């Protein structure tokens, strides 16, 4: 998985609790992304980062926040989890210095909010 | 609005039966078209990227082609191990990938 580790791989939590998912890369790539994958929707961008402490919103960012304090780590936080956030979450990385670069994906985190 | 549509949603083939998967797109300035393979419980695995109409890429039994409106993923003499979901995506204005919903391919021996 291109030097990308997501943790945890599976999590079950209750509505209203905070949840943090971690993405760690060993490739020293500048760009990192969080996507969610749901049946009937395909993969959709939540947030992305273009450098340490530089982040921006994606298509489905409501209810999520992110942080990147080191090049290698990108955290996704659900401040107060809801059942609609039950999904599979994927982290991706790319070098993208010029033009549009290939994105490489981690193995995913399956989150269930009860 | 950037959009990607894949067809068919599901495809069942016999081993050795060649076929094609379609990816049609609308985008304001193509920044690349990407094909990924996804196995159950795993993340998408990069296969090909195409940047201009007429471009073709090949890898083993797979061949990807690109026109101004669509891309095809041709599978020649597929084997059961080719069974997976194939995802198509285009480069979006935020540097993200805009994904289609995928085609689930099953190849029976």
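Residue numbers (the numbering used here), protein chains in the order written: chain Y, 824 to 937; chain S, 138 to 246.
A virtual CB, placed ideally from N, CA and C, is assigned to each residue, including glycine.
The structure presented is a predicted model; accordingly, all values stated were derived computationally and were not measured.
Legend entry - Strand pairing of residue 228 of chain S, partner residues [DSSP]: On the second chain, residue 228 of chain S is found 91 positions in, with the first residue counted as 1. In DSSP, residue 228 of chain S forms a bridge with S:234.
Legend entry - Contact list for residue 856 of chain Y against chain S, beta-carbon separation under 7 Å: Working through the first chain from its first residue, we reach residue 856 of chain Y at position 33. Those within 7 Å of residue 856 of chain Y in chain S are 233.
Legend entry - Cβ-based contacts, 8 Å cut-off: residues of the stretch 885-908 of chain Y near chain S: none
Inset, instruction - Look at the alpha carbon of residue 147 of chain S and the alpha carbon of residue 865 of chain Y, and state the distance between them as a whole number of angstroms. - result: Residue 147 of chain S sits at position 10 when you count from the first residue of the second chain. Residue 865 of chain Y sits at position 42 when you count from the first residue of the first chain. If you take the alpha carbons of residue 147 of chain S and residue 865 of chain Y, they lie about 14 Å apart.
Inset, instruction - Starting from the C-beta of residue 140 of chain S, find all residues in its chain whose C-beta is less than 8 Å away, skip the five residues before and the five after it, and write them out in chain order. - result: If you number the second chain from 1, residue 140 of chain S lands on position 3. Closer than 8 Å at Cβ, skipping near neighbours: 162, 163, 164 and 235.
Inset, instruction - Would you verify that the beta carbon of residue 826 of chain Y is, or is not, closer than 9 Å to some beta carbon of chain S? - result: What you label residue 826 of chain Y is simply residue 3 of the first chain in a count that begins at 1. Not a single C-beta of chain S is nearer than 9 Å to the C-beta of residue 826 of chain Y.
Legend entry - Residue-level contact to chain S via CB, residue 937 of chain Y, 9 Å cutoff: As a first step, residue 937 of chain Y must be located in the first chain, where it is residue number 114. Residue 937 of chain Y does not count as touching chain S.
Legend entry - Residues near residue 150 of chain S in its chain [Cβ-Cβ closer than 6 Å; skip 5 each side]: Sequence index remark: in the second chain, residue 150 of chain S carries index 13 (1-based). Around residue 150 of chain S: 156, 215 and 244.
Legend entry - Residues that DSSP places opposite residue 860 of chain Y in a beta bridge: Indexing the first chain from 1 puts residue 860 of chain Y at position 37. Residue 860 of chain Y pairs with Y:866 and Y:911.
Inset, instruction - For residue 847 of chain Y, collect the residues of the same chain with a Cβ closer than 7 Å to its Cβ; drop the 5 residues on either side in sequence, then sort them by chain order. - result: Looking up residue 847 of chain Y in the first chain gives position 24. Cβ neighbours of residue 847 of chain Y beyond the five flanking positions: 828, 895 and 896.
Inset, instruction - Spell out whether any CB of chain S is found under 9 Å from the CB atom of residue 866 of chain Y. - result: In the first chain, counting from the first residue as 1, residue 866 of chain Y sits at position 43. Yes - at least one Cβ of chain S is within 9 Å of the one on residue 866 of chain Y.
Legend entry - the stretch 869-889 of chain Y contacting the stretch 925-933 of chain Y, beta-carbon criterion three pairs below 8 Å: no
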